[in-house]
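Participant: Residue numbers (the numbering used here), protein chains in the order written: chain S, 3 to 238; chain C, 508 to 867; chain H, 14 to 306.
Backbone N, C-alpha and C define an ideal beta-carbon position, used for all residues, glycine too.
(1) When the cut-off is 7 Å and only beta carbons count, does residue 196(H) lie next to chain S?
(2) Run through the DSSP bridge pairs and tell me what residue 8(S) is partnered with.
(3) Using a Cβ-Cβ distance cut-off of 7 Å, determine whether residue 119(H) contacts chain C.
(4) Based on Cα-Cα distance, which residue from 11(S), 93(S) and 69(S) lies nearest to residue 179(H)?
(5) Name the chain C residues that come within less than 9 Å of residue 133(H), Cβ to Cβ?
(6) Residues in the region 211 to 241 of chain H with C-beta within 9 Å of chain C's C-beta atoms, listed in sequence order?
(7) Could you tell me whether the Cβ of residue 161(H) comes closer than 7 Å to any Cβ of chain C?
(8) Going by alpha carbons, who is nearest to residue 170(S) out of 141(S), 102(S), 135(S) and 31(S)?
(9) Pick out the complete beta strand (DSSP E) segments inside the region 85 to 115 of chain H, 3 residues or longer, and give them in chain order.
(10) DSSP three-state call for residue 213(S): helix, strand or coil?
(11) Establish whether the CB of residue 192(H) and some CB of chain C are separated by less than 7 Å.
(12) Do you know whose CA, among 177(H), 126(H) and 192(H), lies nearest residue 227(H)'s CA?
(13) Below 7 Å CB to CB, which residues in the same chain sit around residue 223(S) once its five sequence neighbours on both sides are set aside?
(14) Which whole runs of the alpha helix (DSSP H) in the region 18 to 63 of chain H are 4 residues long or more, in chain order?
(15) Which chain S residues sit within Cβ distance under 9 Å of residue 188(H)?
(16) Look at the alpha carbon of residue 895(C) and the alpha carbon of residue 542(C), and state the distance between them as a whole number of angstroms.
(17) If we ignore side chains and look at the alpha-carbon of each, how far apart do residue 843(C) and residue 72(S) end up?
(18) Straight-line CA distance for residue 123(S) to residue 716(C)?
(19) Three or more C-beta pairs closer than 8 Å, one from the region 663 to 675 of chain C and one from the region 757 to 774 of chain C: is that the case here?
(20) Between residue 680(C) and residue 549(C), what straight-line distance do the alpha-carbon atoms span, to the nearest angstrom?
(21) Please classify residue 598(C): is it buried, with 16 or more other beta-carbons within 10 angstroms of its beta-carbon, or exposed?
(22) By a C-beta neighbour count over all protein chains shown, 10 Å radius and 16 as the cutoff for buried, is residue 197(S) buried or exposed?
(23) Considering residue 229(H), what are the terminal residues of the beta strand (DSSP E) in which it resides?
(24) Can you tell which of 623(C), 780(C) and 588(C) has the C-alpha that lies nearest to the C-alpha of residue 654(C)?
(25) Taking contact to mean 3 or more Cβ pairs, one atom from each stretch, closer than 8 Å, check whether the region 779 to 788 of chain C and the region 575 to 589 of chain C are in contact.
(26) What number of angstroms, rounded off, separates the C-alpha of residue 836(C) from the C-alpha of residue 16(S)?
(27) Using 7 Å as the threshold, is the C-beta distance between residue 33(H) and residue 215(H) below it?
(28) Pull up the distance between the alpha-carbon of residue 645(C) and that of residue 17(H), whole angstroms please.
(29) Pairing CB atoms from the region 183 to 197 of chain H with CB atoms from the region 143 to 156 of chain S, are three or more of them under 8 Å?
(30) Along the region 88 to 120 of chain S, where does the CB come closer than 7 Å to a CB of chain H? Name the residues.
(31) Could you check whether the Cβ of residue 190(S) sits closer than 7 Å to any Cβ belonging to chain H?
(32) State the Cα-Cα distance for the pair residue 237(H) and residue 117(H), rounded to the nearest angstrom.
(33) From residue 79(H) to residue 27(H), what does the alpha carbon distance come to, in whole angstroms?
(34) Under 7 Å between the Cβ atoms of residue 49(H) and residue 39(H)?
(35) Check whether the Cβ of residue 280(H) lies closer than 7 Å to any Cβ atom in chain C.
(36) Using C-beta distances below 7 Å, list every residue in its chain close to residue 139(H), excluding the 5 sequence neighbours before and after it, in chain order.
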């Protein structure tokens, strides 16, 4: 039932403590948001899950303790991390970026079909299939980053600030596509977002972080109704 | 450590009078040593001095300013050749010394002006050419260099009335000139230029955003290194009295870099240790097995880089850190305060066993 | 005219050897961000292994193939156990480590097999062939062809295979590549292994001419670095072309420019560098690299 569970996770950058007991639960096919201001530890939480930073506490994925695994090992278990800044491989073409996403798969024909699916999900990428990724606009790069992540057919998608630096309409397009993806494939997600409004269009529940710990957790419906959230994150 | 300031708690050796006493003691020791040691010891010390100066020059550009240079030995050779030529032509020795400083500096300046533009490891890649082109060039320009045979020149014989032996006089020359170079360099690297070098070494983009031009400071560092290299060449001729194209071979170039790293990069004392390493270690390894020399030196360099990257000069620091660590019984030093909790409940909640990881 | 063509062909041959080394240096730099000053030394070690095998009655071609395979392993081992620690740090420190490695390898070869020049068997016959009235060395043609084929194979690997795609991805952004499940460490080892194998090919081809000695490729390393500077670290094609130009020009200069002659040939690439770089600091083909603070 529970796909991913974080319990009392801590993390340090050198001597500075960034996470001070973060807990999270993602059910199968569920989508959970992580909200909060800059520096609250949202990105670090995702990094702790994907193994990019060393963390203390419990991180259990599908019944398996994944703390201490390298990022490529975590990816092999079915967790795809779309990092802040997208991580697109600029010198490779869009098609090659997608192929890299499918690196771990052995089913060649199915990979081609999935590339077609991604292009259908993100039509903007269709014309750019042969261009270098560095030539794409910010929104297109974000779409490419998500597409590359899903090429590995992950069970869990980690999305870090997918709307960052994008015009509101572009961000909405990206989230629409991700919503469609969720409906059609049932991928579970952890979504880090500063734009709470946008996040609530995608996630079922969310937790709010402040200086590395959870201060508020609840379903989207509950949180949307709260005054604190409205004031702090939804602009009153 | 603030100079000139005392506090009741500062240890004896940091008080100003103690430092003056230390310097005085050093001067006295240096003045007396040549008079009491054997001829062989004096000659060895003089050679160590020569290479210590060469390593010091390399440290300026490589240790302090962070630019790998494989050409330092070229400037030593150049200084030596200029000295030899000038002595043979019976020029005034002071003029010869000045030329041995200036000409390598100018050559270094020209090389740096071109190479430093490239950024990255270009200085390393270009300076490798200096010994490799230098050797055949020295052989070719035999009118000036004596070709493959090399050139001899004696000019550092003890003056008639001094009552000193030649080896003592030479050692004094090395100590005085070398000492002056060391002092000047020490002041340089502790002053604003040294700080600028360190910033350029750390991150060039940060440097230029602070208005410190990496290009300019790299050129400056390289020129100073070449000048010091030229001085070491002058001293080389004084001590060894013979130079040949072999003096600036590629192998020697690498040995100088190794000596700098093993002695201690970006360290004045480390340069002295580097000079000692350069002279003494090959003598030792030759006793064990001459054909093993290069192998052992390569292995030693790698070991130092892995285990003691700061060089031998950082050994005391590394040992005390290790002792402190084992006394504390824990992992690497961590800030003693735990992060303040915002819950403020004040109850004696059990601190969860949060592991401290991810140290810088 | 005949002499000119001969010089060009021979220059192409030595230029190919420099180019192979330069390509190996670029490959390692793109994967792990440092310049391997021991690239030539590693190649010489491979040549010594080949030579030792032939002395024990192994046929030359088999010996070369074995040493290529062993070189691959050696390169991978060096990356994993020696260089890995220094890859994310200061590149200047990493360079000094490779200089230490060079000293170690040279010393090892000198200790095991002495510093004397050894005769290395030639893969190609030492005759010349007559082409349009000009006599051309078979060895020069053969060397050029073999190295060009090796480079083409390498290029095909990079552009057309999954492994090649993975190697390129890791070179661009190792952390992002890891998010897609690429085993970054293992791929870096492969990159170093390929570079070392390429060096082994070049060394086996040039050893008969230079005679085998521990410092055999020291000069060639200098030329290779010059080719890297001229061609730019981001352009494999650029460094190979630059290497050919250097090879040809140095041969021509040795004969036609009397001041330079054979002993000062090695100055030619650096004269070239000074000239080119005053105009284009990023090299003939390279792109200006953008460094983020």
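Facilitator: The structure says:
(1) yes
(2) Looking at the DSSP output, residue 8(S) sits in a beta bridge with 26(S) and 61(S).
(3) yes
(4) Cα-wise, what sits closest to residue 179(H) is 93(S).
(5) The premise fails here: residue 133(H) is roughly 21 Å from chain C at the closest Cβ pair, so nothing lies under 9 Å.
(6) Here the close residues are 227, 228, 231, 232, 234, 235, 238, 239 and 241.
(7) no
(8) When only C-alpha atoms are compared, the closest one is 141(S).
(9) none
(10) coil
(11) no
(12) Looking at the Cα atoms, 126(H) is the closest of the given residues.
(13) None.
(14) none
(15) 54, 73, 85 and 89
(16) In this structure chain C extends from 508 to 867, so residue 895(C) is not present and cannot be described.
(17) Residue placement at residue 843(C) is flagged as unreliable, the pLDDT there being 33, under the threshold of 50; the coordinate-derived value follows with that caveat. For residue 843(C) and residue 72(S), the distance between alpha carbons rounds to 30 Å.
(18) 43 Å
(19) no
(20) So the two alpha carbons sit approximately 12 Å from each other.
(21) exposed
(22) buried
(23) Element bounds for residue 229(H): n/a, residue is neither H nor E.
(24) 588(C)
(25) no
(26) Residue confidence for residue 836(C) is low, a pLDDT of 42 falling below 50, so the modelled location carries little weight; the figure read from the coordinates is stated next. Cα-Cα distance, rounded: 20 Å.
(27) Taking 7 Å as the Cβ cut-off, residue 33(H) and residue 215(H) qualify as a contacting pair.
(28) So the alpha carbons of these two residues sit roughly 29 Å apart.
(29) Contact between the region 183 to 197 of chain H and the region 143 to 156 of chain S is established, with three or more Cβ pairs separated by less than 8 Å.
(30) 89, 91, 92, 93, 94, 98, 101, 102, 103, 105 and 106
(31) It does not: the Cβ of residue 190(S) has no partner Cβ on chain H nearer than 7 Å.
(32) Approximately 21 Å between the Cα atoms of the pair.
(33) 23 Å
(34) no
(35) yes
(36) Correct list, in chain order: 152.
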